[in-house]
Ligand code: SIN
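Numbering (the numbering used here), first residue to last: 11 to 554.
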């Protein structure tokens, strides 16, 4: 079937929903989301959203913290743009009904938390369920809006390009006209046409064996954009969150950095704190430093985990401040008010993504990328804690402003005729093990070879090992009728290749990319982004 709307948004987290609510003032909006509408990374976000809201804080301090965390390669004009937009966007969320926690001082003052790398308390939060609260309010508003329709269980496969529809040449002038999308329930593949398409598919944590991300995080937006010829950048910078709950039965449960912000200490098996050995900021050093420190402690001790200890705070405070973490750990038999929490680092956030300008526009006309899917230049080599939700709402707003400015022309143009999806000779897959085995191979290889600490040897080995897997996946894609698992496998294979290619090119250590063969940053040569584009040689983009 063919569906037409003014805007097609792929993904239903904070970026997609924030944009949808504004875009609906211009035209019709279709959102497709591959599971249920709240299966998003936003929904799992615990910590909160950073913005300058306190009397003693300033834009300059937030900018400085973001630049320091970004290890010298943030785009400074983007950092300023995002930070200065922050307070207004938080006010909008509050107007939509987001119940951020208020402080003891009074109803008009938010309770602001602290996290690693921040020099002030500036994280607006809803206890340790901030993302869930934001997602709830945004979904509620979207549901009330007659111009927004959300299609759950619809998995985007590939972008629809004008050149592929025979409507012009491929290359710089090509235009995105929407996407081909699988209905997971019926197996049908529909054409979703749009005048503007927005990728908001979150990150790619599932490329790694252990991740804090929800199952949907398979890098779909980056993979689709790359295959369509868009520029992608900075993919070597994968952020590992230092503190994921270590328990064989727990699946990807994050222990928020806010726990350290409230005084939680990282200790080893013997109860010895270790972070000041690695950085004067101790437990509140930036994430790249804390994750590497834990990795080094685990390699030296041979232990399975380190521990995060908040038992010195009153039990009442811990239960009130971290209700979700308290209850979840209790379900695994850990009373965090009495015992330290076993934790390990896990893949958490993709700092690179589809390269955009200061309005969220990608290098393909008609295609935007927002949130974790985008590489705007805000995060540089290591994202500052709680800057991700901020970037998502700010860029959703900036992208909307751009669409509004372009709207008279774009809105008036009719949808062109485009071809329906053709399955070719594909047949139903009889042996799903072919798909699950490739999934497992890729995730294990990436975890063991392209993790927190890298080496040239492991990167070159992983490249050799990935190539036959990638060609096998391409063959499956030709041979078999598409399923969500196969679509996602194709995407994680693309992401794995892009991450490894970028990591092999950057011959220095910076932020999240630490490689033992080049252990120092090299500002003279490497203050630049590695930009990849299918069928083109890689490019370097200098940063100011
Ligand atoms: C956390 O709560 O530690 C995660 C927040 C973030 O990734 O910024």
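Ideal Cβ positions, reconstructed from N, Cα and C, are used throughout, including at glycine.
- Within the same chain, Cβ atoms closer than 8 Å to the Cβ of residue 550 are found at 538, 539, 540 and 541, the five residues on either side in sequence being excluded.
- Cβ atoms of residue 113 and residue 120 come within 8 Å of each other, at about 6 Å.
- Every beta strand (DSSP E) of 3 residues or more that sits fully in the segment 158 to 192 is shown, in chain order, as 158 to 161 and 164 to 171.
- Within a 10 Å sphere around the beta-carbon of residue 285 sit 16 or more other beta-carbons, which makes this residue buried.
- Scanning its chain for C-beta atoms nearer than 6 Å, with the 5 sequence neighbours on each side dropped, one finds no residue around residue 66.
- DSSP places residue 336 inside the alpha helix (DSSP H), whose first and last residues are 333 to 341.
- For residue 553, the three-state secondary structure derived from DSSP is coil.
- Residue pairing from DSSP places residue 12 in a beta bridge opposite 201.
- Going down the chain, each residue whose beta-carbon is closer than 5 Å to a heavy atom of ligand 1 shows up: 56, 57, 266, 267, 395 and 396.
- Residue state for residue 247 is assigned as coil, using DSSP reduced to three classes.
- Beta-bridge analysis with DSSP links residue 400 to no other residue.
- Shown here, residue 300 sits in a helix according to DSSP, grouped into three states.
- Rounded to the nearest angstrom, the gap between the Cα atoms of residue 249 and residue 347 is 28 Å.
- Inter-segment contact for the segment 127 to 139 and the segment 427 to 446 is absent: fewer than three beta-carbon pairs are separated by less than 8 Å.
- Remark: C-beta atoms of residue 445 and residue 186 do not approach each other more closely than 7 Å.
- For residue 447, the uninterrupted alpha helix (DSSP H) run begins and ends at 443 to 459, by DSSP.
- Per the coordinates, the alpha-carbon of residue 512 lies some 31 Å from the alpha-carbon of residue 27.
- Shown here, residue 363 sits in a strand according to DSSP, grouped into three states.
- Within 10 angstroms of the beta-carbon of residue 364 lie 16 or more other beta-carbons, which makes it buried.
- One alpha carbon belongs to residue 271, the other to residue 124, and they sit about 5 Å apart.
- Distance check between residue 418 and each of 12, 11 and 16 places 16 closest, using alpha-carbon atoms only.
- Note on geometry: alpha-carbon atoms of residue 19 and residue 387 lie some 22 Å from one another.
- DSSP places residue 40 in no alpha helix (DSSP H) but in the uninterrupted beta strand (DSSP E) bounded by 39 to 42.
- The alpha-carbon separation between residue 163 and residue 202 amounts to approximately 14 Å.
- Judged by their CB atoms, residue 141 and residue 52 are nearer to each other than the 7 Å cut-off.
- Nearest to residue 189 by alpha-carbon distance, out of 343, 136, 423 and 204, is 204.
- Taking the C-beta atoms as reference points, residue 528 is found no nearer than 7 Å to residue 463.
- In terms of Cα proximity to residue 520, the closest of 56, 84 and 13 is 84.
- DSSP places residue 534 inside the alpha helix (DSSP H), whose first and last residues are 533 to 536.
- Of 60, 54, 35 and 522, the smallest CA-CA separation from residue 299 is found for 522.
- Beta-bridge pairing by DSSP links residue 207 to 18 and 377.
- Contact check for residue 231 and residue 21: beta-carbon distance about 7 Å, within the 8 Å limit, so the pair qualifies.
- Listed in chain order, the non-local C-beta contacts of residue 292 below 7 Å within the same chain comprise 285 and 286, local neighbours out to five positions each way being set aside.
- Excluding sequence positions up to five before and after residue 471, its CB lies within less than 8 Å of the CB of 459, all in the same chain and listed in chain order.
- By the criterion of a C-beta distance shorter than 7 Å, residue 275 is surrounded in its chain by 283, 293 and 319, once the five residues flanking it on both sides are discounted.
- By the Cβ rule, the segment 302 to 309 does not count as touching the segment 263 to 270, because fewer than three pairs are nearer than 8 Å.
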